[in-house]
Amino acid sequence: MTGYKQPHSVLVVIHTEAGEVLLLERARHPGFWQSVTGSREGNEPPAITAHREVLEETGIDSRRYRLTDWRIENHYSIHAAWRHRYAPEVSCNTEQVFGLCLPERVAVRIAPEEHRAWLWLARDEAAERCFSWSNRDAIRLLDSTHEWT
Numbered sequence: 037m038t039g040y041k042q043p044h045s046v047l048v049v050i051h052t053e054a055g056e057v058l059l060l061e062r063a064r065h066p067g068f069w070q071s072v073t074g075s076r077e078g079n080e081p082p083a084i085t086a087h088r089e090v091l092e093e094t095g096i097d098s099r100r101y102r103l104t105d106w107r108i109e110n111h112y113s114i115h116a117a118w119r120h121r122y123a124p125e126v127s128c129n130t131e132q133v134f135g136l137c138l139p140e141r142v143a144v145r146i147a148p149e150e151h152r153a154w155l156w157l158a159r160d161e162a163a164e165r166c167f168s169w170s171n172r173d174a175i176r177l178l179d180s181t182h183e184w185t
């Protein structure tokens with residue numbers, strides 16, 4: 037599948053101990069808000085993909101904080117807007133969910149080719165803003181203590 041994205045990705049819900057969730061707005065799809073996402077490169081383990089994608093998309097060094105594998109795997113049809121990035125026979129993706137808990141808001145440096153804006157929102161507002169059902173469901177898993185339940 038050289039030249040194509042792998043249909044194996046991560047979703048990383050970045051949140052503060054106070055319950056704020058970081059969302060990014062896609063550069064080529066204004067109005068599409070999401071957490072950090074990204075496809076595996078080579079044979080890297082999902083946790084390495086998560087660390088790499090967080091750093092690339094936000095400038096946050098996730099190794100300084102608590103990255104947790106939520107042991108949730110989502111399977112879904114690849115959105116039409118991104119289907120061209122995958123081999124012609126690929127139509128479904130497998131996504132592994134992680135959480136990254138920060139003690140407080142940190143500086144964010146978005147990758148302008150991927151995202152046009154970022155913001156911190158309360159859990160419920162962040163969930164409602166997401167265009168992806170898997171992202172919305174993952175954010176809703178943060179409980180009132182702002183830890184994964």
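Here the sequence shown is numbered in this note's numbering, starting from 37 and rising by one per residue. Note that CB positions come from ideal geometry on N, CA and C, so glycine has one too. Model, not experiment: these values are computed from the prediction.
- According to the DSSP assignment, residue 79 belongs to no alpha helix (DSSP H), since it is labelled neither H nor E.
- By the criterion of at least three beta-carbon pairs nearer than 8 Å, the region 115–128 is not in contact with the region 143–162.
- By the neighbour-count criterion, in which a residue is buried when 16 or more other Cβ atoms sit within 10 angstroms of its Cβ, residue 111 is exposed.
- Assignment of residue 65 by DSSP, reduced to helix, strand and coil, places it in the coil class.
- Straight-line measurement puts the Cα of residue 174 at about 18 Å from the Cα of residue 85.
- Judged by beta-carbon spacing, residue 130 lies within the 8 Å limit of residue 109, meaning their Cβ atoms are closer than that value.
- Inclusion of residue 90 and residue 48 in the CB contact set at 8 Å is warranted, their separation being smaller than that value.
- Across the structure, residue 64 and residue 57 are spaced so that their CA atoms are roughly 22 Å apart.
- Between residue 152 and residue 61, the C-beta gap is smaller than 8 Å, which places the two residues in contact.
- Between residue 52 and residue 140, the C-beta gap is smaller than 8 Å, which places the two residues in contact.
- Within the DSSP bridge table, the entry for residue 75 names 45 as partners.
- Taking 8 Å as the cut-off, the beta carbon of residue 103 is found closer than this to the beta carbon of residue 136.
- Per DSSP, the unbroken alpha helix (DSSP H) holding residue 175 starts and ends at 169–176.
- For residue 66, the closest of 170, 40, 165 and 172 by C-alpha to C-alpha distance is 165.
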